[in-house]
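So the mapping is simple: our numbering equals the position in the sequence shown, first residue as 1, plus 80. Even for Gly, the Cβ is constructed at its ideal location relative to N, Cα and C. Nothing here was measured: the structure is a model prediction, and the numbers come from that model. Worksheet: the structure to be examined is printed underneath.
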Amino acid sequence: MRVGQQPIQLSGFCLAGLLCAGLAILKLTAEGHWSWWRVLLPLWVILGHNALYILVGFIWLSFLDHGDDEESPTLRPNPTQSYLYAGMLCFLLFTDNLVGRMEAPDQRIWFWLRSGRWQLLLVFGVLSVVCQLLFWSEAVGPSHPSTRRE
């Protein structure tokens, strides 16, 4: 299966847009203290996760050794999607902590996953990258160890 043969799926963007519209309605009616950064959080999560997915994918593919025949690497038929879901959850927590830190850096929320501490930003950012690496290692595996050509 080649990458160019897969259709573009916009369901994630549509869902993020629907969530943003719902949060905007809540902000304008009931929760006036929310910032627009918080209202647009689902959109930032989808866009950021997809940007990280593409970036890690390009880096992973650049380190693959193509062998002597210079064939492009092919995707494995059914990579596990759980790494992508875990990576998106970690990116959601990273983005939520980042927005919380931008909104009120001195205010600490009782729930420690949303406290906005720098340690949590680092942990969730690294976990999101690790989940992407695990997905790409399963989706496109090297046939033999990568070596640099000189």
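Exclusion of the five residues before and after M182 leaves W117 as the residues of its chain whose Cβ lies within less than 7 Å of its Cβ. Put simply, of I134, C94, G92 the residue whose alpha carbon is nearest the alpha carbon of F215 is I134. Assignment of alpha helix (DSSP H) within the stretch 92–178, counting only whole runs of 4 or more residues, yields 116–119, 121–142 in chain order. The continuous stretches of alpha helix (DSSP H) do not include V220, and DSSP gives it neither H nor E. Nearest Cα to V136 within the set L95, G167, G97: G167. Annotation: G112 to G180 spans about 16 Å, alpha carbon to alpha carbon.
Its Cα nearest to that of L132, the residue L164 stands out among G92, L164, V220, K107. S217 places its beta carbon 8 Å or farther from that of F174.
Around the Cβ of F204, a 10 Å sphere holds 16 or more other Cβ atoms; the residue is buried. Between V206 and W140, the C-beta spacing is not below 8 Å. If you ignore the 5 residues before and after L99, its C-beta comes within less than 7 Å of the C-beta of P122, all in its own chain and listed in chain order.
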